[in-house]
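Report on the structure given below.
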Amino acid sequence: MITQTIDGTKFRQVRESRGIPVAALARAVGRSASLIYSIEAGRTQPSAEVFRLCCLFLQVDPASISTHPREPMAAAS
1 MITQTIDGTK FRQVRESRGI PVAALARAVG RSASLIYSIE AGRTQPSAEV FRLCCLFLQV
61 DPASISTHPR EPMAAAS
């Protein structure tokens with residue numbers, strides 16, 4: 001299964017480039033500032049809903065701040 005993950009550094013760069021404080025983003029999406037900091041630090045991945053709300057508030061294309069890790073490859077026989 002391939003899962004989408006958030007690049008915390010890109011996420012933070014987008015927020016900062018728009019001049020939005022962590023507290024304002026947290027209020028806008030109904031979560032704590034500590035969660036936003038954890039996402040930016042790469043310690044936490046947001047739920048799909050929180051990610052969607054953040055992208056809407058930041059007016060950013062979700063694909064621009066996410067990565068798509070590859071599935072593990074099967075060993076060659």
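Per full-length UniProt numbering, the sequence shown runs over residues 1 to 77.
Note that CB positions come from ideal geometry on N, CA and C, so glycine has one too.
{"Asked": "Where T44 falls: helix, strand or coil (DSSP)", "Found": "coil"}
{"Asked": "Where the alpha helix (DSSP H) containing C60 begins and where it ends", "Found": "The identity of residue 60 in the sequence shown is Val, whereas the question assumes Cys. Segment: none, V60 is in no alpha helix (DSSP H) and carries neither H nor E."}
{"Asked": "Cβ pair G8, I39 closer than 7 Å", "Found": "yes"}
{"Asked": "Beta-carbon proximity list for G28, same chain, < 6 Å, skipping 5 on both sides", "Found": "In the sequence on display, residue 28 carries Ala and not Gly. Around A28: F57."}
{"Asked": "Contacting residues, own chain, Cβ-Cβ under 6 Å from residue 83 (five flanking each side not counted)", "Found": "Nothing about residue 83 can be read from this structure; the chain reaches only from 1 to 77."}
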